[in-house]
Amino acid sequence: MAEPAKKPFIEQNVVWLYTDDLDRLAAFYRDVIELPEVLDQGVCRVFQVSPTGFLGVCNKEGRPRGTKGMMFTFLVEDVEAAYAYYKAKGVQFDGPPNMLGGRTVYSCFFKDPEGYWLEIQEFNEPRWPYPPGRGPRRG
């Protein structure tokens with residue numbers, strides 16, 4: 006009898022967003038959100054969000070367009086500081102940061118130029134796997 010296959014370790018992830026205006030969408034993530042562009046594939050550009058997380062934007066024929074049901078969340082240490090920073094860069098937010106989800110999520114929302122919902126969020130959840138040295142938001 007063969008040994009069961011070992012579960013693969015997922016070491017990185019990429020979320021892909023599709024657009025008909027690649028230059029506009031790439032400029033937003035590079036210049037406004039200030040994500041480093043790590044790969045230009047011509048029809049796709051990939052930005053690094055965290056040590057293991059990436060965001061790709063593409064203009065590929067036949068790929069789905071549309072923003073319904075899609076949201077990308079950036080987990081940060083200080084939502085208020087991120088809100089002030091991006092607001093000063095001209096980002097139009099839905100409203101100021103607020104506590105949601107039974108006081109377990111502190112966040113604010115905005116859209117990229119393609120209309121994809123973006124969220125800047127802090128968890129206030131002791132069970133969340135925080136980076137070393139961090140924990141739930143106080144208050």
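Numbering (the working numbering), first residue to last: 6 to 144.
All residues carry an ideal CB built from backbone N, CA and C; glycine is no exception.
None of these values were measured; they are calculated from a predicted model.
Continuous beta strand (DSSP E) stretch holding residue i: start and end
i           : result
residue 40  : First-last for residue 40: undefined, no H or E at that position.
residue 158 : Summary: the structure shown does not reach residue 158, with the chain confined to residues 6 through 144, and so no result is reported for it.
residue 58  : 58–63
residue 130 : Element bounds for residue 130: n/a, residue is neither H nor E.
residue 81  : That residue, residue 81, is in no beta strand (DSSP E); it is neither H nor E in DSSP.
residue 75  : Unbroken run through residue 75: none, as it is neither H nor E.
residue 116 : 110–116
residue 121 : Segment: none, residue 121 is in no beta strand (DSSP E) and carries neither H nor E.
residue 96  : Premise fails: residue 96 is in no beta strand (DSSP E) and is neither H nor E.
CA nearest to the CA of residue i, picked from the options
i           : options             : result
residue 139 : 102, 75, 83 and 96  : 83
residue 47  : 38, 56 and 26       : 26
residue 65  : 50, 54 and 73       : 50
residue 24  : 131, 71 and 16      : 71
residue 16  : 34, 42 and 56       : 56
residue 85  : 44, 142, 12 and 102 : 102
residue 115 : 33, 130 and 14      : 33
Residue j beta carbon less than 8 Å from that of residue i
i           : j           : result
residue 18  : residue 67  : no
residue 22  : residue 121 : yes
residue 110 : residue 98  : no
residue 77  : residue 60  : yes
residue 79  : residue 124 : yes
residue 113 : residue 88  : yes
residue 157 : residue 29  : Lying before the first or after the last residue shown, residue 157 is absent from the chain, which here runs from 6 to 144.
residue 54  : residue 94  : no
residue 31  : residue 62  : yes
Boundaries (first-last residue) of the alpha helix (DSSP H) holding residue i
i          : result
residue 84 : 84–93
DSSP-derived helix/strand/coil call for residue i
i          : result
residue 50 : strand
residue 45 : strand
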